[in-house]
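Enquirer: Please find one structure pasted underneath; my questions will follow.
Protein chains: 2
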Amino acid sequence: MSSPKQSKPKARLPRGFRDRGAAEIMAEQKMLATIRAVYESYGFEPLETPAFEYTEALGKFLPDVDRPNEGVFSLKDDDEQWMSLRYDLTAPLARHVAANFQNLAKPFRRYQTGTVWRNEKPGPGRFREFTQFDADTVGSASASADAELLMMASDTLEALGLKRGDYIVKLNNRKLLDGVLEASGVALEDRAKRGIVLRAIDKLDRLGVEGVSALLGQGRKDESGDFTKGAGLSPEQAHRILAFVAPDAEDEDAHLRQIGTLVGSSAVGAAGLNELEQIVRLLQASGYGPDRVLFDTGVVRGLDYYTGAVFEAQLTFPIRNEDGDEVVFGSVAGGGRYDDLVARFTGQQVPATGISIGVSRLMSVLASRGLTASAKAPLIVVTVFDKTDAAASFAMAQELRAAGLRAEAYVGNGKMGDQFKYADKRGAAIAVIEGGDERARGEVTLKDLALGAELAKSVESRAEWVANREAQKSVKRGALVTEVKAMLKGRQ
Amino acid sequence: MSSPKQSKPKARLPRGFRDRGAAEIMAEQKMLATIRAVYESYGFEPLETPAFEYTEALGKFLPDVDRPNEGVFSLKDDDEQWMSLRYDLTAPLARHVAANFQNLAKPFRRYQTGTVWRNEKPGPGRFREFTQFDADTVGSASASADAELLMMASDTLEALGLKRGDYIVKLNNRKLLDGVLEASGVALEDRAKRGIVLRAIDKLDRLGVEGVSALLGQGRKDESGDFTKGAGLSPEQAHRILAFVAPDAEDEDAHLRQIGTLVGSSAVGAAGLNELEQIVRLLQASGYGPDRVLFDTGVVRGLDYYTGAVFEAQLTFPIRNEDGDEVVFGSVAGGGRYDDLVARFTGQQVPATGISIGVSRLMSVLASRGLTASAKAPLIVVTVFDKTDAAASFAMAQELRAAGLRAEAYVGNGKMGDQFKYADKRGAAIAVIEGGDERARGEVTLKDLALGAELAKSVESRAEWVANREAQKSVKRGALVTEVKAMLKGRQ
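Chains as they are written, first to last, in the numbering used here: chain U, 935 to 1426; chain G, 935 to 1426.
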C-alpha cells in the first residue's frame, strides 16, 4: 500500500466523479423502484450486462485506427485486446441480443438500469459517470412496440407524481424528414448533408426559423462572428423543410395533410406517414391523446442511428436553475426506433425500438416539484449514560427497532454533550436518555430534538427557556415504544 | 462505428464478465432490499462513491514502481494521472472519510452496496466484476461499534430467512494472536513471520492440526510433492499457537482462562482479551449468545489490515455444488476492525470497524435453502387476433395492469401460433384471446398456460385431450379482471 512517491496520497476524486449522500441515494432508490414497477407491470424484465465490453463490440474504434475513441474509458486486457466501459446501455443490449438470439423469446422486451461512463470533459453538473434507465423491444417492427413504449413513458411520469399537463411525450418519425428531403431533391444517400440538416433542425428552439433557414442554406454567422457552414440547400428546399418542422397548419389533421403534400411521392416519406398514423391511432384508442403523447415534427434526436419513430419526454413547466433563473429543462427521456444495431454483429437487420431515461435529470425535475421527499424514517438515538453498561441502551434500541422504528444506541466514546451533538448532526428526531437516577425510578427521558432546536432559536427570556423544557419528557421505561411513537406522531 | 478490421465484430464478452437475467436480478433486488432495511433500521445510511479512484488513493501502486498493481483495472486520465476501478468498498470509504472528516457526524456509520472489479484470472464461478454490501463504523474505538455490527449481521441473516442454527457469526481478535506470538518470543514487528503464521492458521480447516503445525515449523510438503516453507517457529512456539487456535478446553470460560495463560504478560494480548470480553458481554446482554455470535480463535481473516476484532459469518449446513457433492461453503460475510486506513491520508489514526457481505455467495446460500423464490408476479399475455386492431388488446392489458396485475399486449408481428409460443417462452401464466366471433358475443377466452403445459405432457388418449380443454375458459369481456384473478388463484 505504498505510494510511488512515499508521501501521503491526497484524499480526492478524479475530475468528473463524485460521492453521493443518503438523501440523494434514498430518493433515487425510490424513483427507480417506481419506474421498475411500471415497466414490470408491462411485462418488461430486467437484464444486466457488465461494465466492460470489448471495444470492438461497442463499435468504438476510431475510424481507420486501431485505437479506441477517446470518448470512452478503455484499457487493454492481458491478451492485448481492448476493452471499454459501456457508454450507454443500448450497445451492450445489441451485443446481448446478437449473442443469444436463438434463445430469446421475441419480441425481446427488457429494461436495464445502470451506470454508464463517458470520458468527456466534465463541467458543472456534467459528470463522467451517471445512471441510465432503458427499456427496449427487440424483434418487432410493429407500431404496437413503439406505442407501448410511449404509453409506458407517460404512465411512468405520472406514477412518479407528475401531473398530466406538466409533461408531454413527443413523437416524430425520421422517415418523414427523409421523405421531405427526398421530395426536395436531397439524395437519401448523402448522409453528410442529412446530418447537417438534422443538426440545424435541432437548433430550432434556440435560433428560430430565421437561424435554421440560414443553416439550411449557405450558412450562418453567430453573434461572436463565427461562421457555421450551411447545408447548401436552395431557398425552395429550405422552405419545404421549414414548413415541415415549423408548421403553420391550424390543427393536427391539417398538419398531417400538409406533410402528405411535403413528402410528395417519396416512398420513405409515405412509409413514415403510415408508421406515424398507426402509432397515433393506437395511442388515441388507448386514451393517450395529445395531452399525453403529441406528434411534433420539431423532435429529431441527435443520434444518427434512429431509423423511424423518435421519442422525447419533456416538461411543460419552467425549472429554476441554481442561480434562481427560469430555464427550459429539455428532455428527461428520449429514444426511438433503430433497426441496424444488431446487424453490426450478425449482418441481419433486427427491428428494435427503445426509450432511455436520464436518471439524474429526472431526479432534478422531481425535486423541483417537491416530489422527492425524503424516504428516510425518523431516527431515534439512544444515548449511553454509563459507558460500562451500554447493554441497557442497546436493549432500548432493539425494542424500538422491533416496533418498526429506526433506532440506534450510541456506539462512540463521547460524553453526553457529544452524544447530543451527534444526534443533532444526524438529524435525529428523538434522543432517549436513561440516567442513573432515572433508572432507579424506572424512567427514561425523551428529548424531541427537532422541537428543541426550533425553540432554542427563540430563547430570549426565562419564560421561553421554561417553555423549552417541554421538548423533554420523562416516561416510564416500560412505555418507551408507546411514548416514542406518540412523540413522533405529535411532530407531524 | 467501424471496426478497425472492417469485419463484423463478434458478439461476445471479455473473460470473467457475464450477463445476468431476470430471475437472478429480481431475487438479488429483493435480498438487497432486505439487507438495506435492516441496516437502515440500525441508523446506518447509504453512501455511494464512484467506480474510479486515483490509483494513489487506493494504495494500489506496486512497491517502488510508478505503475499500478496488476490486480486492479487501471488507466491513465487525460492529465497522465493513473485511475483505477475500485476493488473493494473500504478503500473508497477511507478516502471519503479523510476528505470530509470535519463535516461528518462521528461515529460515521454508512452502508454501501456496489460493483467492485478485480483484474484477476477468472475461473468457474470466479468473476472479475461482482457486488459487495458493506457496513462500517468510523470514528469509534468502542466495543459497542463491533458488537452492533455483529448483531446486525445476525439480524440480517435471519431477516433473509435463515434459521437460527443454520448460520453462525464468528468473532475473534487479532490482538490475541499477537499476544500469543509475543509471549512465544516472536517479535510483533516481524510482519513477514506474522503473515506466514496467519496464512497457516487460515488453513486449519483444510490441513488439520498436523498440517498447520508443519507450516508453523520448518514447512510442509503437499501431496504433489511441492514444499511450502514454514514460519520457522520452534516446536514449543508452534504448540502454544496451536493450543490457541485449536483449543482443547471444555467450555468457553475454560478456553478464555487458557488464552489468558497463553498470552501471558503480553500487553497487546491483554488488550485483545479486554476488547473481546467487552464485545461478548454486550452481545450476551442483548440476546446474541453463542447460538448466534460465537468466539472462535480459528477465525483469522486473510487481509493484513485488521488490527483488532475480526468477524466471519458462516453456514452450519452443507451446500451441494453443481456436481451434487456436499461442500463446505465458507464465509458469506466477513470483516473486522482496521484502525490504520484513514491514517494513510491524514497521518492520524481513526478507529474503524466494518463488515462486508459477498452478495453472490449469499445469494447461492439462500437459493440452496429455497429462500430466493421468484419475486416475479405471474404474467398475462393478451394476444392480438386482428393486427389492424391491436387497440382492443391494449385496452385489456391496461385494465389488467390497473388491477395490479402484470400484463402485456403482444407487440410482435407473429400469427396466433407464434403468439402462444411467445407466451410459453415467457413463462406466462395466462393468455387472453379475443377472436372475431368471441368479440361479437362479448366474450374472451382465458388459457391457463401452466395447466395446459402440464396436461399436454400426459396427452395419451382422446379422453385426456378433452380434459385438456379445461385449461381454457370462455368468460364475459366485462368480467375479464375478475376471471383472470380467479384463474390465478386456482393455480396456487
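Virtual Cβ for every residue (Gly too), placed ideally from N, Cα, C.
Express the C-alpha separation of Leu1019 of chain U and Leu1009 of chain G in angstroms, rounding to a whole number.
Expert: What you label residue 1009 of chain G is simply residue 75 of the second sequence in a count that begins at 1. What you label residue 1019 of chain U is simply residue 85 of the first sequence in a count that begins at 1. Looking at the two C-alpha atoms, the distance is approximately 11 Å.
Enquirer: With Ser1298 of chain G as the anchor, note down where its beta strand (DSSP E) starts and where it stops.
Expert: Mapped onto the second sequence, residue 1298 of chain G falls at position 364. It is not in any beta strand (DSSP E) - Ser1298 of chain G instead sits in the alpha helix (DSSP H) that spans 1293-1302.
Enquirer: Just to confirm the assignment, what range does the alpha helix (DSSP H) spanning Asp1358 of chain U have?
Expert: Taking the first sequence and counting its residues from 1, one reaches residue 1358 of chain U at position 424. Unbroken alpha helix (DSSP H) run through Asp1358 of chain U: 1350-1359.
Enquirer: Considering only residues of the same chain and omitting the five flanking positions on each side of Val1244 of chain U, which have a CB-CB separation below 8 Å?
Expert: What you label residue 1244 of chain U is simply residue 310 of the first sequence in a count that begins at 1. Excluding residues within five positions, the ones whose Cβ falls inside 8 Å are Leu1105, Asn1106, Asn1107, Arg1108, Val1233, Val1234, Arg1235, Gly1268, Gly1269, Gly1270, Arg1271.
Enquirer: Note down, in chain order, all residues in the region 956-976 of chain U with a beta-carbon under 7 Å from any beta-carbon belonging to chain G.
Expert: Ala956, Ile959, Met960, Glu974, Ser975, Tyr976
Enquirer: Output the distance between the C-alpha atoms of Leu1383 of chain G and Glu962 of chain G, rounded to the nearest integer angstrom.
Expert: Position 449 of the second sequence, counted from the first residue, corresponds to residue 1383 of chain G. Position 28 of the second sequence, counted from the first residue, corresponds to residue 962 of chain G. A straight line joining the alpha-carbon of Leu1383 of chain G with that of Glu962 of chain G spans about 27 Å.
Enquirer: Is Phe1229 of chain U helix, strand or coil by DSSP?
Expert: In the first sequence, the residue the question calls residue 1229 of chain U occupies position 295. Shown here, Phe1229 of chain U sits in a strand according to DSSP, grouped into three states.
Enquirer: What runs of the beta strand (DSSP E), each 3 residues or longer, lie entirely inside the region 999-1083 of chain U?
Expert: 1008-1010, 1016-1019, 1042-1051, 1063-1072
Enquirer: How is Gly1269 of chain G classed by DSSP in three states: helix, strand or coil?
Expert: Along the second sequence, read from residue 1 onward, the residue named residue 1269 of chain G stands at position 335. The answer is strand: DSSP assigns Gly1269 of chain G an E or B state.
Enquirer: From the DSSP output, which residues share a beta bridge with Glu1430 of chain G?
Expert: Chain G is shown from 935 up to 1426; residue 1430 of chain G falls before or after that span and cannot be answered.
Enquirer: Which two residues bound the contiguous alpha helix (DSSP H) that contains Lys1127 of chain G?
Expert: Walking along the second sequence from the start, residue 1127 of chain G turns up at place 193. Note, Lys1127 of chain G: alpha helix (DSSP H), 1125-1135.
Enquirer: So which residues on chain U does Gly1346 of chain G lean against when the C-beta distance must stay under 7 Å?
Expert: Along the second sequence, one-based indexing puts residue 1346 of chain G at 412. By Cβ distance, chain U contributes Lys1040, Pro1041, Gly1073, Ser1074, Ser1076.
Enquirer: Is the shortest distance between the beta-carbon of Met1421 of chain G and the beta-carbons of chain U less than 9 Å?
Expert: One-based indexing of the second sequence puts residue 1421 of chain G at position 487. Any Cβ of chain U closer than 9 Å to the Cβ of Met1421 of chain G would place that residue at the interface, and such an atom is absent.
Enquirer: Within the same chain, show all residues whose beta-carbon is closer than 8 Å to that of His1030 of chain G, passing over the 5 residues directly before and after it, in chain order.
Expert: Counted from its first residue, the second sequence places residue 1030 of chain G at position 96. These residues qualify, in order along the chain: Leu981, Thr983.
Enquirer: State yes or no: is the C-beta of Leu1385 of chain G within less than 9 Å of the C-beta of Ala1413 of chain G?
Expert: Working through the second sequence from its first residue, we reach residue 1385 of chain G at position 451. Working through the second sequence from its first residue, we reach residue 1413 of chain G at position 479. Their beta carbons are not under 9 Å apart, which means Leu1385 of chain G does not touch Ala1413 of chain G by this criterion.
Enquirer: State yes or no: is the C-beta of Gly1294 of chain G within less than 9 Å of the C-beta of Thr1024 of chain G?
Expert: Translated into positions along the second sequence, residue 1294 of chain G becomes position 360. Translated into positions along the second sequence, residue 1024 of chain G becomes position 90. According to the sequence displayed, residue 1294 of chain G carries Ser and not Gly. No, these two residues do not count as a Cβ contact at 9 Å.
Enquirer: Between the beta-carbon of Gly955 of chain U and the beta-carbon of Glu987 of chain G, is there less than 9 Å?
Expert: Here residue 955 of chain U is taken as the residue at index 21 of the first sequence, counted from 1. Here residue 987 of chain G is taken as the residue at index 53 of the second sequence, counted from 1. For Gly955 of chain U and Glu987 of chain G, no; Cβs fall outside 9 Å.
Enquirer: Inspect the CB distances between the region 1198-1217 of chain U and the region 1147-1167 of chain U and report whether three or more fall short of 8 Å.
Expert: No, the region 1198-1217 of chain U does not touch the region 1147-1167 of chain U.
Enquirer: Over what stretch of residues does the alpha helix (DSSP H) that includes Gln1332 of chain U continue unbroken?
Expert: Walking along the first sequence from the start, residue 1332 of chain U turns up at place 398. Taken as a continuous stretch (DSSP letters only), the alpha helix (DSSP H) holding Gln1332 of chain U covers 1325-1336.
Enquirer: Under 9 Å, Cβ to Cβ, is there at least one residue of chain U near Arg933 of chain G?
Expert: Outside the modelled stretch of chain G, which goes from 935 to 1426, sits residue 933 of chain G, for which no answer is possible.
Enquirer: If you measure between the beta carbons of Ser1076 of chain G and Val1227 of chain G, is that distance less than 9 Å?
Expert: Taking the second sequence and counting its residues from 1, the one referred to as residue 1076 of chain G is at position 142. Taking the second sequence and counting its residues from 1, the one referred to as residue 1227 of chain G is at position 293. No, they are not a contact pair.
Enquirer: Looking only at its own chain, which residues have a Cβ that is under 6 Å from the Cβ of Gly1113 of chain U, when we skip the five neighbours before and after it?
Expert: Within the first sequence, numbered from 1, the residue matching residue 1113 of chain U stands at position 179. Cβ within range, chain order: Val1197, Ser1200, Val1202, Gly1203, Gly1206.
Enquirer: Using a Cβ-Cβ cutoff of 7 Å, what residues of the region 1052-1065 of chain U are near chain G? List them in chain order.
Expert: Glu1063
Enquirer: Please identify the residue among G:Asp1225, G:Ala1188, G:Glu1157, G:Ser1118 whose C-alpha is closest to the C-alpha of Leu1173 of chain G.
Expert: Position 239 of the second sequence holds residue 1173 of chain G. Residue identity differs from the one stated: residue 1173 of chain G is His in this sequence, not Leu. The shortest C-alpha separation from His1173 of chain G is found at G:Ser1118.
Enquirer: Strictly below 7 Å CB to CB, what residues from chain G border Thr983 of chain U?
Expert: Here residue 983 of chain U is taken as the residue at index 49 of the first sequence, counted from 1. Per Cβ cutoff of 7 Å: Asp953.
Enquirer: Please compile the residues from chain U whose C-beta is within a distance smaller than 8 Å of the C-beta of Asp1320 of chain G.
Expert: Residue 1320 of chain G sits at position 386 when you count from the first residue of the second sequence. Those do not exist, as Asp1320 of chain G stays about 12 Å from chain U at its closest Cβ, beyond 8 Å.
Enquirer: In chain G, which residues lie with their C-beta within 9 Å of the C-beta of Tyr988 of chain U?
Expert: Mapped onto the first sequence, residue 988 of chain U falls at position 54. Those are Pro943, Lys944, Arg946, Leu947, Pro948, listed as they occur along chain G.
Enquirer: Assuming Met1017 of chain U contacts Thr989 of chain U under a Cβ cut-off of 8 Å, what Cβ separation, rounded to an integer in Å, is found between them?
Expert: For the purposes of this step, residue 1017 of chain U is identified with residue 83 of the first sequence, where counting begins at 1. For the purposes of this step, residue 989 of chain U is identified with residue 55 of the first sequence, where counting begins at 1. 6 Å between Cβ atoms; contact.
Enquirer: Using a Cβ distance threshold of 8 Å, determine whether the region 1174-1194 of chain G contacts the region 1078-1098 of chain G, with at least three qualifying pairs required.
Expert: Below 8 Å, too few C-beta pairs join the region 1174-1194 of chain G and the region 1078-1098 of chain G to call them touching: fewer than three.
Enquirer: Taking the alpha-carbon positions, what's the Val1378 of chain G to Leu1038 of chain U distance?
Expert: One-based indexing of the second sequence puts residue 1378 of chain G at position 444. One-based indexing of the first sequence puts residue 1038 of chain U at position 104. A direct Cα-Cα distance of roughly 28 Å separates Val1378 of chain G from Leu1038 of chain U.
Enquirer: So Val879 of chain G and Ile1314 of chain G are in contact, right, with Cβ under 8 Å, and what is the actual spacing, rounded?
Expert: Only positions 935 to 1426 of chain G appear in this structure, which leaves residue 879 of chain G out of reach.
Enquirer: Can you tell me where the beta strand (DSSP E) holding Asn1347 of chain U begins and where it ends?
Expert: Indexing the first sequence from 1 puts residue 1347 of chain U at position 413. From DSSP, Asn1347 of chain U is part of no beta strand (DSSP E); its letter is neither H nor E.
Enquirer: Residue range of the alpha helix (DSSP H) that Asp1259 of chain U falls in?
Expert: Numbered from 1 along the first sequence, position 325 holds the residue referred to as residue 1259 of chain U. Here Asp1259 of chain U belongs to no alpha helix (DSSP H), and DSSP marks it neither H nor E.
Enquirer: So, at 7 Å on beta carbons, what are the nonlocal neighbours of Leu1138 of chain U in its own chain, with the 5 sequence-adjacent residues on each side left out?
Expert: One-based indexing of the first sequence puts residue 1138 of chain U at position 204. So the list reads Val1146, Val1179, Ala1180, Gly1232, once near-sequence residues are dropped.
Enquirer: Phe1328 of chain G CB to nearest chain U CB: under 9 Å?
Expert: Position 394 of the second sequence, counting from 1, holds the residue named residue 1328 of chain G. Chain U has a Cβ within less than 9 Å of the Cβ of Phe1328 of chain G.
Enquirer: Can you tell me whether Glu987 of chain G is helix, strand or coil according to DSSP?
Expert: If you number the second sequence from 1, residue 987 of chain G lands on position 53. In the structure shown, Glu987 of chain G sits in a strand (DSSP, three-state: E or B).
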